[in-house]
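Heads up: the structure comes next, in structure tokens.
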Amino acid sequence: TQATLDNIAVRDPELEAFITVAKDQALAQAEQVDVKGVAADQKLAGIPYGAKDNLVTKGLETTAASHILEGFKPIYDAAVVEKLQTAGAVNVGKLNLDEFAMGSTTETSYYKTTKNAWDHTKIPGGSSGGSAAAVAAGEVPFALGSDTGGSIRQPAAFNGIVGLKPTYGRVSRWGLIAFASSLDQIGPLTRTVKDNALVLNAIAGYDERDQTSAKREVPDFTASLTGDIKGLKIAVPTEYFGDGVDERVATTVREGIKQLEALGAQVEEVSLPHTKYGVAAYYILGSSEASSNLQRFDGIRYGFRADNVQSLEDLYVQTRTQGFGAEVKRRIMLGTYSLSAGSYDAYFKKAAQVRTLINEEFQRVFAQYDLIVGPTTPNVAYNFGENQDDPQVAYMNDVLTIPVNLAGLPGLSINAGFVDGLPVGMQLIGNRFEEATLYRVADALE
Ligand code: GLN
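Mapping of the sequence shown onto the working numbering: residues 32 to 477, in sequence order.
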């Protein structure tokens, strides 16, 4: 833990992955492991990690990268933080993100500008950009992120590491600051597939405090790392290599798919024709849920409160006006509009129907195939400031990750190679609760 803290002190002034480094708390936790010794089931004993700063941590400032939560110290730990502590892992701090996880570049953070681990002139991706950069740069062996529309997989792809969005319900969301509750999942970012499986082992499982938590056995995910993928049936959607996908990214991922064939997998092209409607449906549904979830930030209960206010209503208005950034306000407005009486049928209901179609289309594929493979993102990491002027361009970046959240499926991003020295991500998508299959295939390629 001390070595990790020293390493962060050297690297992070430039990388800017951490919002808060929990030096004293981390050393105390590590000492507990030393003093108490390691129980047989403490598979992560003494291993340092970082948590995305939208996971609440007891007594440790938790900001969701928003001004409105500045100074907020939660009174409890998120379920995943509790579970990691039980497994012996040591939390060394809180990692940067887009404000309330809304974004794809980590640039909407109120606090800092995290760099891509491979090229400091490029964005790290987002919203879990701090988590991905910290792991890729070797600051921590693993980190936790959250993924609502791609926020674990896309930064993992842009930083050349392994990132899993588990099946919806696999990991408890208790203590995750909610963005869009029907889409959010917490997952691990690691440098290897085996590490990823080990962390999922520790954080997965039923939790009665999350009403959408699944009552499902948690297998030992490391047991599936056999290297054998002979006979597995892999579907490659034509749409995932279509318009807007960089040719060099497509070629790199197709080479990875050839390797899978060489290892004995059966590969066939399929069609997922509703893919192109995913982004539009997501921004209606996700923003609607966000507008509701973010009502609680009123200047009374948490963090920042505006000064010099004239009345209670003025306190709410001033706090929210000064406390939220532009992207968050855009989502709140979009969401409240979609949910308003006059627009509900035209927007929210339609988007929910599109979600059903996307789900059905995936299920048709999984009736015949074990997994789906394609690129994680249409591009590699780009320059700071690019895409910031036109949110619609930035939103299209998530076209390949969003459908997976809409359908509640597990998605794993692994590195498939490089374009211009920047990592390319390959995405493996499985049927519900089939994370083991994703790990098995990813491990065979490693
Ligand atoms: N980039 C997407 C958005 O801005 C996804 C974010 C996420 O997964 N948290 O909403």
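The beta-carbon is built from N, C-alpha and C at its ideal position, and this holds for glycine as well. Keep in mind that this is a model prediction, so the values were computed, not measured.
N-terminal and C-terminal residue of the alpha helix (DSSP H) that residue 469 is part of: 466 to 476
C-alpha gap between residue 127 and residue 121, whole angstroms: 18 Å
Determine whether the beta carbon atoms of residue 190 and residue 132 lie at a separation below 9 Å. no
According to DSSP, simplified to helix, strand and coil, what is residue 210? coil
Can you determine whether any heavy atom of the ligand GLN sits closer than 8 Å to the C-beta of residue 451, and answer yes or no? no
Which same chain residues end up closer than 7 Å to residue 251 when comparing Cβ atoms and leaving out the 5 residues on each side of it in sequence? 232
Per-residue burial, residue 343 [other beta carbons within 10 Å of its own, 16 or more giving buried]: exposed
Taking only runs of the beta strand (DSSP E) that begin and end inside the region 36 to 118, which ones reach a length of at least 3 residues, in chain order? 49 to 52 and 79 to 83
The ligand GLN and residue 275: does the residue's C-beta get closer than 8 Å to at least one heavy atom of that ligand? no
Alpha helix (DSSP H) segment containing residue 457, residue limits: No alpha helix (DSSP H) contains residue 457, which is instead part of the beta strand (DSSP E) from 453 to 461.
May I have the straight-line CA-CA distance separating residue 172 from residue 165, to the nearest angstrom? 9 Å
Three-way DSSP call (helix, strand, coil) for residue 192 in this model: coil
Would you say residue 355 touches the ligand GLN, meaning its beta carbon is less than 8 Å from a heavy atom? no
Going along the chain, which residues of its own chain have a beta-carbon closer than 8 Å to the beta-carbon of residue 93, five neighbours each way excluded? 84, 85, 86, 87, 100, 103, 104, 105, 125 and 208
Quick check: what's the CA-CA separation for residue 202 versus residue 217? 6 Å
What number of angstroms, rounded off, separates the C-alpha of residue 332 from the C-alpha of residue 476? 48 Å
If you run the structure through DSSP and keep just helix, strand and coil, what is residue 122? strand
Would you kindly report the start and end of the unbroken beta strand (DSSP E) that includes residue 450? 442 to 450
Kindly identify the DSSP beta-bridge partner or partners of residue 178. 216
Distance, residue 185 Cα to residue 320 Cα: 22 Å
Buried/exposed call for residue 162, threshold 16 Cβ in 10 Å: buried
Scan the region 399 to 438 and note each continuous alpha helix (DSSP H) run of 4 residues or more that stays entirely inside, going in chain order. 422 to 427 and 433 to 437
How big is the Cα-Cα spacing for residue 146 and residue 373? 43 Å
In whole angstroms, what separates the C-alpha of residue 371 from that of residue 364? 11 Å
Does the distance between the C-beta of residue 140 and the nearest non-hydrogen atom of the ligand GLN fall short of 8 Å? no
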